[in-house]
Every structure is written in structure tokens, then in C-alpha cells.
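Basically the numbering used here = 1-based index in the sequence shown + 25.
From the three backbone atoms N, C-alpha and C, an ideal C-beta is built for every residue, glycine too.
Nothing here was measured: the structure is a model prediction, and the numbers come from that model.
To keep things clear, I will list the structure first and then write my remarks on it.
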Amino acid sequence: ALEAALRAPVGSGAERAAIESRLIQVRRLFDPATAERHLTALTTAARAGELAPARTLDLVRQLLWQGRTAEAGELLDRLRTARPEAHSEAAALLEDTEKWLAWTHPTLARRTPRPTGQGRPAALLADALVNGRAHEAVGQAHQVLKDRGPSYDLSWPEEPALLALGVLLCTDSPDAAAWCDRLLREGHTPYSPTWMAMLSAMRSEAALRLGDLTGAADHAQQALNHIHPAAWGVAVGGPLGSLVLATTRMGHYDEAGAYLTHAVPKHMFDTRYGLHYLHARGQYHLLTGHPHAALADFLACGDRMRAWGIDVPGVVPWRTSA
């Protein structure tokens with residue numbers, strides 16, 4: 026229905042942009058790679074002022090997923106310059122997005138102080154992770170997971186649950202793996218390969234933290250099977266890093282080395298996902314007799330985390346590795 030509406034030669038530019046925005050949100054749930062074909066036209070519409078602020082922020086997330094950082098940064102600057110009215114929905118959404126950016130794409134974030142406790146659940150969880158207060162957010166993370174479930178009614182449906190799982194992982198909560206298993210087992214309606222892929226990636230990280238290397242490798246591979254590695258965009262550093270780390274620690278060096286030959290987006294290294302990949306690659310170098318290359322990767326993790334303001338426990342253990 027959305028595609029038919031988009032093909033119809035009627036409607037204003039703003040109406041068509043709203044339809045296309047909705048279409049790429051749905052496409053992303055099934056195959057993020059198919060959403061990319063709409064991004065250029067939608068970015069043009071946003072530049073022309075034909076896209077509402079909330080939809081523009083959704084577009085920013087889509088662009089960042091695909092590694093189109095310059096375009097995302099341009100749209101963010103437009104929204105910031107517009108200075109939405111204080112306490113408006115647009116202002117709240119922009120502030121929440123800044124918190125999310127600080128955790129996931131910190132090079133683009135502008136941290137704006139807001140009283141603790143204000144914001145949507147995903148923003149509050151991201152803020153706790155960034156500021157080293159994840160332990161204080163465990164209760165909220167559990168509540169978010171109880172209210173879980175992607176839906177077509179949400180613009181970025183999986184984010185609250187994934188950030189909640191991130192809080193549990195960063196605090197080494199004993200039930201992180203169990204929550205991943207529960208969500209994977211129960212699934213949801215509507216079914217989304219992207220959701221299942223991201224859950225599998227989180228489950229792989231949980232297995233690594235528990236020392237379950239076989240399970241970590243299996244779940245990481247499942248994550249890359251649910252959606253093709255190329256469709257993962259910059260987030261591929263999560264499951265691919267887990268797969269490299271698990272196979273390396275099992276002594277499967279040829280297999281781990283083969284995974285490291287996979288092409289990854291260059292802007293992945295400007296994200297939190299790139300930290301996981303760098304740390305895993307450093308471990309591979311260390312255990313295959315290349316200590317200088319290993320140290321370079323570990324120090325690169327540390328340099329990024331300090332520069333980004335996320336040098337907090339639970340991200341990657343670059344100090345103990347170095």
C-alpha cells in the first residue's frame with residue numbers, strides 16, 4: 026500500500042516524503058539494504074523542508090546505519106540551527122537523539138544537559154551508559170524489557186530493548202543472556218529479520234562475557250545469517266567482532282583471519298560498533314604473534330573512547346588487553 030501510494034502521481038512533496046519515510050522504516054525491519062534506495066530522495070526532501078523534524082531524525086538514523094555520515098551530520102545541523110521551541114515535541118526528540126548519538130555515533134553528538142530522569146526510555150538508557158551510570162539503570166532496563174516488542178507504530182522500534190540489553194551486558198547482570206534467549210524464543214508480531222539479527226548479536230556478546238565461546242560464535246553467525254553482512258551497515262562491527270573474538274579464543278585462527286578479510290564500512294570505526302571490531306582484531310593479532318599490531322588496535326580503542334567521552338566500564342576492556 027505504501028509503495029502504491031508513492032507511485033501515485035498525486036500529493037504534495039511533503040505528503041510523498043512522509044509516505045517514503047514510512048516505507049523505509051518498514052523496509053528496514055526486513056532488509057535494511059533495501060531501504061537505502063530511498064535515502065537520497067528523502068534527504069533531498071528534508072533539505073527542501075518537506076520532512077517533519079521527527080521524520081528527519083528517523084532519516085538521520087537510517088543514513089548513519091548506512092555509513093552516510095556527512096549527510097546525517099548536515100541534517101542534524103539543520104535541525105539544531107532551527108532551534109525548536111523549548112519543551113516542544115521536536116525539541117525533546119532532538120535532545121533524545123543527542124543522547125543516543127553520544128552512545129552509538131559519538132563523533133556527531135552534541136551533549137546537551139537535561140535534568141536526570143527526563144526523556145524517553147531509550148534516551149535515558151543511552152545517557153546512563155555514556156555517563157557510567159549503567160548500574161543505576163538496571164531496574165529501568167528490566168522494565169523496558171518487560172514492555173518490549175518492535176512494532177510498526179514506532180519509528181525506531183527495537184532501540185529501547187537493545188539499549189536495555191546493553192545496560193545489562195555492561196553491568197554484567199546475570200540475566201542478560203536469559204533475556205536475549207527469551208526475546209529470541211518468543212519472537213514478536215510482526216516478524217522482523219533485523220530485530221532477530223540484532224538480538225542474536227546481543228546474545229553473542231552475552232555468551233562471550235560468560236566464556237561460552239561456541240555459543241558466542243553460533244549466535245554471531247546467526248546474526249549475520251538473519252540479514253546479510255552488507256545489510257548490517259556500520260553495525261556489522263558488533264556481530265563480526267564477536268565472531269572474530271570467539272573463533273580467535275577457540276584457537277581457530279584461520280577462520281578468524283578469514284572473517285577479518287570481510288569488507289567493513291569505513292565509518293564503522295567512528296561508532297561504538299567499531300570498538301568491538303578493533304578490540305577483537307587486536308586479540309587476533311595478539312594471539313597470532315603480532316603484539317605491535319595488537320597494541321595499536323587496543324590503544325586505538327582507548328583513544329577513541331577517551332575522545333568520545335565513553336571511556337566507561339563495560340564497553341571494551343582495552344586497558345587489560347593492552
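Shown here, Thr68 sits in a helix according to DSSP, grouped into three states. Contact between Gly157 and Asp121 does not hold, since the beta-carbon distance rounds to 20 Å and is not under 8 Å.
Take the alpha-carbon of Gly38 and the one of Glu75: they are about 6 Å apart. Between Leu89 and Val259, the CB-CB gap stays under 8 Å. Straight across, the Cα-Cα distance linking Ala42 with Leu82 is about 13 Å. The residue from Val163, Gly282, Tyr216 and Glu123 with its alpha-carbon nearest to that of Arg135 is Glu123. Rounded to the nearest angstrom, the gap between the Cα atoms of Ala148 and Trp125 is 6 Å. Selection Gln87, Leu133 and His287 evaluated against Ala66 yields Gln87 as nearest (Cα-Cα).
One Cα belongs to Glu61, the other to Val155, and the distance between them is close to 29 Å.
It is roughly 17 Å from the alpha-carbon of Trp204 to the alpha-carbon of His160. With a cut-off of 8 Å on Cβ pairs, the stretch 269 to 286 is not in contact with the stretch 316 to 325, counting fewer than three such pairs. Taken through DSSP and simplified to helix, strand or coil, Pro199 comes out as coil. An exposed status is given to Ser113, since fewer than 16 other beta-carbon atoms sit within 10 Å of its beta-carbon. Counting only the Cα atoms, Cys195 lies some 14 Å from His167. Counting only residues of its own chain and dropping the five nearest sequence neighbours on each side, Cys326 has a CB closer than 6 Å to the CB of Leu300, Leu303, His304, Val341 and Trp343. Rounded to the nearest whole angstrom, the CA to CA distance from Thr129 to Thr296 is 6 Å. Excluding five sequence positions before and after Leu133, the CB atoms of its chain that fall closer than 6 Å to its own CB belong to Gly98 and Leu126, given in chain order.
DSSP, read as helix, strand or coil, puts Asn156 in coil. Taking every protein chain shown into account, the CB of Thr286 has fewer than 16 other CB atoms within 10 angstroms, so this residue is exposed.
Only residues of its own chain outside the window of five on either side were considered, and among them Arg52 have a CB closer than 6 Å to the CB of Thr59, listed in chain order.
Relative to Leu311, the option among Val169, His292, Ala347 and Met293 whose CA is nearest is Ala347. The Cβ atoms of Ala202 and Ala231 sit closer than 8 Å to each other. Burial is judged here by how many other beta carbons sit within 10 angstroms of a residue's own beta carbon; Glu45 has at least 16 and is buried. The three-state reading of DSSP puts Glu110 in coil, since its state is none of H, G, I, E or B. Residue environment analysis places Tyr284 among the buried positions, since at least 16 neighbouring C-beta atoms fall within 10 angstroms of its C-beta. Residue environment analysis places Arg93 among the buried positions, since at least 16 neighbouring C-beta atoms fall within 10 angstroms of its C-beta.
The beta carbon of Leu233 is closer than 8 Å to those of Ala241, Ser267, Leu270 and Ala271 in its chain, skipping five residues each way along the sequence.
Check the Cα spacing between Met275 and each of Leu238, Met330, Ile252 and Asp243: the tightest is with Leu238.
Taking the CA atoms as reference points, Ala117 sits about 40 Å from Asp243.
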